[in-house]
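Step one of this worksheet: look at the structure below.
Residue numbers (the numbering used here): 231 to 333.
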């Protein structure tokens, strides 16, 4: 184990995290927040009750929950990944909010 790996392991045990990933892909930030239970890992459609799909979109967070059905019960429901989370009312993008919180 390299000294860098040991350092990260000690930081993780102390509750400290390497925030380098915040400057990378939006998907990495979303997955990290899901892993830390800061945002929902899945979301049920309020119309049909089925699991919504996490879909890449051109929005501040880069992803939204989507349920799109055709036919008799046709609907197209979209929800932000922030729904019912600590980030819900924030105007900052999620990486900015995390950096400010961590400082």
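Even for Gly, the Cβ is constructed at its ideal location relative to N, Cα and C.
Next on the checklist: For the beta strand (DSSP E) containing residue 299, name the first residue and the last one.
Outcome noted: Numbered from 1 along the chain shown, position 69 holds the residue referred to as residue 299. Element bounds for residue 299: 293-299.
Practice prompt. Within the same chain, show all residues whose beta-carbon is closer than 8 Å to that of residue 312, passing over the 5 residues directly before and after it, in chain order.
Written response: The residue given as residue 312 occupies position 82 in the chain shown. Taken in chain order, the residues that qualify are 269, 291, 318, 320, 324.
* Consult DSSP for residue 302 and reduce its assignment to one of helix, strand or coil. => Your numbering for residue 302 matches position 72 in the chain shown. In this structure, residue 302 counts as coil in the three-state DSSP scheme.
Span of the alpha helix (DSSP H) holding residue 284?
Mapped onto the chain shown, residue 284 falls at position 54. Careful: residue 284 lies outside any alpha helix (DSSP H), inside the beta strand (DSSP E) at 283-286.
Could you have a look at residue 236 and say whether DSSP puts it in helix, strand or coil?
Position 6 of the chain shown, counting from 1, holds the residue named residue 236. Of the three classes helix, strand and coil, the one that applies to residue 236 here is helix, per DSSP.
*To the nearest angstrom, how far is it from the Cα of residue 295 to the Cα of residue 235?*
Numbered from 1 along the chain shown, position 65 holds the residue referred to as residue 295. Numbered from 1 along the chain shown, position 5 holds the residue referred to as residue 235. Going from the Cα of residue 295 to the Cα of residue 235 covers about 35 Å.
Check your understanding: With DSSP run on the structure shown, which of helix, strand or coil describes residue 331?
Key -> Looking up residue 331 in the chain shown gives position 101. Three-state DSSP puts residue 331 in a helix.
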